[in-house]
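For reference, the structure is listed below as structure tokens.
Number of protein chains: 2
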Amino acid sequence: MAVGHAPLPNFHPIAGVRIGVGSAGIKKPGRKDLVVFELCEGAQTTAVFTSNAFCAAPVMLAKRHLAESAPRYLLINTGNANAGTGRQGLDNAMRCCETLAQLGAVASEQVLPFSTGVIGEPLPVDKIVAGLPSALGNLSDNAWAEAAQGIMTTDTRPKGATMRLDIDGVAVHISGVSKGAGMIKPNMATMLGFVATDADIEPELLQRMLTAAANKSFNRITVDGDTSTNDACVLVATGRSGTPKFTQDNAELWRPFQEALDGLMQQLAHAIVRDAEGATKFVAVNVQGAAVLSEALDVAYTIAHSPLVKTALFASDPNWGRILAAVGRAGLQNLEVERINIYLNEVCIVEGGARAASYTEEAGQAVMDLEEITIRVDLGRGEVEDTVWTCDFSHEYVTINAEYRT
Amino acid sequence: MAVGHAPLPNFHPIAGVRIGVGSAGIKKPGRKDLVVFELCEGAQTTAVFTSNAFCAAPVMLAKRHLAESAPRYLLINTGNANAGTGRQGLDNAMRCCETLAQLGAVASEQVLPFSTGVIGEPLPVDKIVAGLPSALGNLSDNAWAEAAQGIMTTDTRPKGATMRLDIDGVAVHISGVSKGAGMIKPNMATMLGFVATDADIEPELLQRMLTAAANKSFNRITVDGDTSTNDACVLVATGRSGTPKFTQDNAELWRPFQEALDGLMQQLAHAIVRDAEGATKFVAVNVQGAAVLSEALDVAYTIAHSPLVKTALFASDPNWGRILAAVGRAGLQNLEVERINIYLNEVCIVEGGARAASYTEEAGQAVMDLEEITIRVDLGRGEVEDTVWTCDFSHEYVTINAEYRT
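Quick note, the sequences are listed as chains U and L, same order.
Take any residue in the first sequence, count from 1 to its spot, add 7: that is its number in our numbering.
Take any residue in the second sequence, count from 1 to its spot, add 7: that is its number in our numbering.
Dropping the structure here:
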């Protein structure tokens, strides 16, 4: 059950990036559960990671390796998060990096590890080590679709996006994949996202670009409010496109690239919400008229996390009182309810803090029957606006998460 | 579906309080949906109300009336919350108060109105006005059980508690009822709670006593994190017991009473969690070793609100990684995960931030199979501790809240 039609695109290969997929039998025999990205020498890599204090062993190690060295490999396993595993977890993640480094003839710090799956169980490191040669054996320029498949866990469909744009008459490409369906309320990154481009970008700018794009995409989605221990999003720039290097000083050159990157990462993030566990609706929560950004986000996330709003969305029930109650408990100081208007798509449901005179149940019902809905709140306190994307809360969500480990 | 066996007690009547129940046909014909408490002259009344900025019309009016006058009647209707109803909502609540005041020959400020039910629909004030005479016609000293029934909405069973204690050789009684099953994350009060005693208590102390008891009971429960627009808890002291007046200066006299009140209100609050929409488990989340109270509560509520923890509880799945992930995202600054221990009842699951060496899946499973579970987190940062009570998240919750208005 996922919202909307979203086939994988025909990915543009990214010169300097090869991808190999293998089976280690981590959770289920035969499942593609290992993905290796090989990056060319000279590629610049940056990443954003979970803000969860209990971040997983691979997150700790990936951060350390990224600070120490220029990555040549990304190693992703599904089926086990290697989180809550203490010292042994770090040792296990390190052994995976060391093995891949040996096979690829690079230093072990040049491997960034990523894991996703159940928390708190020991990583089956022997299985992963045994599976690496086969993943390396099928490295290919053209395996983005296989990568999108290979990083899935409870996802019902693979997620990817690809773009081509011209910079000064030269073609620049961006391709990316993401995964995630539950435990989604990224804070600095999403479950897992891997994006690469052949543009040439100086390191500080690359980090700024990723942060900016994440704040319009992965950092604005929520399924259940549960920030994962393993969130990570990586952006690689191989520099093989032949365009001039993007620097802090030539923004006129790279601004179209930043816009394309924002759009591509938004596609990847929206794909996670559309495929969220049990989702039947794709919902944008847009808050306008806030005095500061934190107000807009507090109200948007309070609505997006409310189990009562989410079950009403599941039922296509225009029970807008639950939206109003969520706005009221979002913790804004001196909220003047008389200034507040609330809309379902273009239908005004609340005007000046009470039911709009023009509102009819039929008009509300017509919007709620749609698969894609925008809840818009105007706080009437200022000029700041932001949007968060979420989904509804269905029986299927409970089933999936009650039976996750069985 | 509710957790544990909880029959109504044999209520002690409270001298000076009479209760009448009636049918106004607000949502369903024939349902007992009106409750009137008549308070004797001289009774002291205090209350705590929702912190939701969108507080309902009856909440606004009850606050105003309480500030202006000594209440002689409490008027409760179910089936309609009279919230999000603007100016008309206030006028409607006022008309109900005026009608009851006329019938009872008191001033309209001496009536406190309370409403619970669906948000955003106009209060059917004519039906309520028409139903009041019958409710007044059956006023009785001994109708606490009927009151417990009469204030129910999605509750599957009535909730009440009663106590008798001796103060200086004189019998003092406390009786109370509560209601609520969803939209439960009270903040200064619960959905609705009405407690009365025949003790004689000076007004300032009465307010202090209620606040203290609410902070150990209604302000420590959560079902879905959704703070209602209509929460209210009222404490009435009629002074008819014959004990000396409780004042700020004779704490030795009233300390046992405060303890009894705390216990009674905890029973009423726990009854709401036990009867929470779709609940199959009653769960205490106890956080120890916090540096300050807000830390303990932030961690406890993050666990108690996590849909992933709650669905794992529903499935009796010892998926403790979800508890750990919730602790990690609770927003505590400089959290040292190596200091953290987590227990399911007496089973240590996390020790020093990672899976406890002694932990076995069987031991975790044995606890999760129970109907009543304590999740205990020791943060190892200080001496503060607090407890929040919650329930699991089941298919039934989704069903109830998806079909609430149908």
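In this text, a Cβ means the ideal position worked out from N, Cα and C, and glycines have one as well.
Beta-carbon spacing of residue i, residue j below 7 angstroms
{"i": "Asn89 of chain L", "j": "Ser122 of chain L", "result": "yes"}
{"i": "Gly157 of chain U", "j": "Leu275 of chain U", "result": "no"}
{"i": "Gln280 of chain U", "j": "Val384 of chain U", "result": "One point to set straight first is that residue 280 of chain U is Val, not Gln, in the sequence displayed. Contact flag unset, no."}
{"i": "Leu146 of chain U", "j": "Thr106 of chain U", "result": "no"}
{"i": "Gln109 of chain U", "j": "Arg79 of chain U", "result": "no"}
{"i": "Asp282 of chain U", "j": "Ala206 of chain U", "result": "no"}
{"i": "Ala221 of chain U", "j": "Asp269 of chain U", "result": "no"}
{"i": "Leu331 of chain L", "j": "Gly296 of chain U", "result": "no"}
{"i": "Ile135 of chain L", "j": "Asn84 of chain L", "result": "yes"}
{"i": "Leu212 of chain L", "j": "Leu242 of chain L", "result": "no"}
{"i": "Ser182 of chain L", "j": "His312 of chain L", "result": "no"}
{"i": "Ala114 of chain L", "j": "Val43 of chain L", "result": "no"}
{"i": "Leu68 of chain L", "j": "Pro120 of chain L", "result": "yes"}
{"i": "Val184 of chain U", "j": "Ala154 of chain U", "result": "yes"}
{"i": "Val299 of chain L", "j": "Val391 of chain L", "result": "yes"}
{"i": "Gly111 of chain L", "j": "Ile33 of chain L", "result": "no"}
{"i": "Ala434 of chain U", "j": "Gly96 of chain U", "result": "Residue numbering for chain U in the displayed model covers 8 to 413; residue 434 of chain U lies beyond these limits and cannot be assessed."}
{"i": "Leu500 of chain L", "j": "Met170 of chain L", "result": "This structure gives no information on residue 500 of chain L, because the portion of chain L shown stretches from 8 to 413."}
Closest residue to residue i among the options (Cα-Cα distance)
{"i": "Ala13 of chain U", "options": "U:Ile330, U:Arg164, U:Ser313", "result": "U:Arg164"}
{"i": "Leu46 of chain U", "options": "U:Val55, U:Phe18, U:Ser58, U:Thr204", "result": "U:Thr204"}
{"i": "Ala267 of chain L", "options": "L:Ser224, L:Phe56, L:Gln95, L:Lys288", "result": "L:Ser224"}
{"i": "Gly124 of chain U", "options": "U:Ala311, U:Val132, U:Thr287, U:Asn237", "result": "U:Asn237"}
{"i": "Ala337 of chain U", "options": "L:Ala239, L:Gln255, L:Asn293, L:Thr234", "result": "L:Thr234"}
{"i": "Ala22 of chain U", "options": "U:Gly246, U:Val10, U:Glu211", "result": "U:Gly246"}
{"i": "Glu369 of chain L", "options": "L:Glu378, L:Val354, L:Gly360, L:Trp151", "result": "L:Val354"}
{"i": "Gly387 of chain L", "options": "L:Leu377, L:Glu302, L:Thr367, L:Val374", "result": "L:Glu302"}
{"i": "Pro263 of chain L", "options": "L:Gly176, L:Thr309, L:Lys288", "result": "L:Gly176"}
{"i": "Trp396 of chain L", "options": "L:Gly328, L:Ala54, L:Leu304", "result": "L:Leu304"}
{"i": "Val4 of chain L", "options": "L:Cys103, L:Pro120, L:Ala364, L:Leu119", "result": "What the structure shows of chain L is the stretch from 8 to 413, and residue 4 of chain L is not part of that stretch, so it cannot be assessed."}
{"i": "Trp151 of chain U", "options": "U:Leu97, U:Val202, U:Ile174, U:Pro129", "result": "U:Val202"}
{"i": "Ala373 of chain U", "options": "U:Arg215, U:Asn257, U:Arg71, U:Asn326", "result": "U:Asn326"}
{"i": "Lys186 of chain U", "options": "U:Ala54, U:Leu81, U:His277, U:Ile33", "result": "U:His277"}
{"i": "Cys398 of chain U", "options": "U:Ala258, U:Ile228, U:Asn348", "result": "U:Ile228"}
{"i": "Thr367 of chain L", "options": "U:Ser365, U:Glu128, U:Val290, U:Ala286", "result": "U:Glu128"}
{"i": "Gln273 of chain U", "options": "U:Met159, U:Ser401, U:Ala168, U:Lys70", "result": "U:Ala168"}
{"i": "Arg215 of chain U", "options": "U:Ser248, U:Trp261, U:Val179", "result": "U:Trp261"}
{"i": "Asp53 of chain U", "options": "U:Cys240, U:Ala31, U:Asn17, U:Gly11", "result": "In the sequence under discussion, the amino acid at residue 53 of chain U is Thr, which differs from the Asp named in the question. When each option's Cα is compared against that of Thr53 of chain U, the closest is U:Cys240."}
Integer Cβ distance of residue i from residue j, believed to fall under 8 angstroms
{"i": "Phe61 of chain U", "j": "Val334 of chain L", "result": "7 angstroms"}
{"i": "Asp162 of chain U", "j": "Pro314 of chain L", "result": "At roughly 18 angstroms, the Cβ-Cβ gap does not stay under 8 angstroms, so Asp162 of chain U and Pro314 of chain L are not in contact."}
{"i": "Gly371 of chain U", "j": "Leu351 of chain U", "result": "6 angstroms"}
{"i": "Ala322 of chain L", "j": "Glu403 of chain U", "result": "Wrong, their Cβ atoms sit about 14 angstroms apart, outside the cutoff."}
{"i": "Val28 of chain U", "j": "Leu41 of chain U", "result": "7 angstroms"}
{"i": "Thr318 of chain U", "j": "Asn408 of chain L", "result": "4 angstroms"}
{"i": "Ile208 of chain L", "j": "Lys252 of chain L", "result": "7 angstroms"}
{"i": "Gly6 of chain L", "j": "Ala361 of chain U", "result": "Absent from the structure is residue 6 of chain L, since the part of chain L shown begins at 8 and ends at 413."}
{"i": "Ile126 of chain U", "j": "Gly389 of chain L", "result": "Not a contact, Cβ separation roughly 26 angstroms."}
Terminal residues of the beta strand (DSSP E) in which residue i lies
{"i": "Glu358 of chain U", "result": "354-358"}
{"i": "Leu351 of chain U", "result": "348-351"}
{"i": "Ile21 of chain L", "result": "Neither: Ile21 of chain L is in no beta strand (DSSP E) and is coded neither H nor E."}
{"i": "Asn84 of chain U", "result": "80-85"}
{"i": "Ser185 of chain L", "result": "177-186"}
{"i": "Pro120 of chain U", "result": "118-123"}
{"i": "Gln295 of chain L", "result": "289-297"}
{"i": "Val243 of chain U", "result": "239-244"}
{"i": "Ala13 of chain U", "result": "Taken as a continuous stretch (DSSP letters only), Ala13 of chain U belongs to no beta strand (DSSP E), as it is neither H nor E."}
Element boundaries [alpha helix (DSSP H), containing residue i]
{"i": "Ala69 of chain L", "result": "64-75"}
{"i": "Ser141 of chain L", "result": "132-144"}
{"i": "Leu275 of chain U", "result": "258-281"}
{"i": "Gly157 of chain L", "result": "151-157"}
{"i": "Leu107 of chain L", "result": "93-111"}
If the cut-off is 8 angstroms on Cβ atoms, which residues from the stretch 316-332 of chain L count as contacting chain U, listed in chain order? Answer in chain order: Thr318, Ala319, Phe321, Ala322, Asp324, Asn326, Trp327, Gly328, Arg329, Leu331, Ala332.
What residues in the stretch 379-405 of chain L have a beta carbon less than 8 angstroms from any beta carbon of chain U? Per Cβ criterion, the list reads Phe400, Ser401, His402, Tyr404, Val405.
Interfacial residues, the stretch 43-71 of chain U to chain L, with Cβ spacing under 8 angstroms: Under the 8 angstroms Cβ criterion, the stretch 43-71 of chain U contributes Ser58, Asn59, Ala60, Phe61, Cys62.
Quick one, which residues of the stretch 356-370 of chain L are near chain U if we go by CB-CB under 8 angstroms, in chain order? From the stretch 356-370 of chain L, only Val357, Gly359, Gly360, Ala361, Arg362 have a Cβ closer than 8 angstroms to chain U.
Residues, ordered as in the chain, of the stretch 124-138 of chain L that lie near chain U by beta-carbon distance below 9 angstroms: Considering only beta carbons, the part of the stretch 124-138 of chain L lying closer than 9 angstroms to chain U consists of Val125, Ile126, Gly127, Glu128, Pro129, in chain order.
Within 8 angstroms of chain U by C-beta, residues of the stretch 293-314 of chain L in sequence order: Listed by position, the residues of the stretch 293-314 of chain L near chain U (Cβ gap below 8 angstroms) are His312, Ser313, Pro314.
Members of the stretch 214-236 of chain L that neighbour chain U once the beta carbon cut-off is set at 9 angstroms: Contact annotation: in the stretch 214-236 of chain L, residues whose CB is within less than 9 angstroms of a CB in chain U are Val230, Asp231, Gly232, Asp233, Thr234, Ser235, Thr236.
Proximal residues, the stretch 84-107 of chain U versus chain L, C-beta separation under 9 angstroms: Of all residues in the stretch 84-107 of chain U, only Ala88, Ala90, Gly91, Thr92, Gly93, Arg94, Gln95, Gly96 come within less than 9 angstroms of chain L when Cβ atoms are compared, listed by chain position.
Near-chain U residues of the stretch 338-349 of chain L - C-beta to any C-beta below 8 angstroms: If you check each beta-carbon in the stretch 338-349 of chain L against every beta-carbon of chain U, the ones closer than 8 angstroms belong to Leu339, Leu342, Val344.
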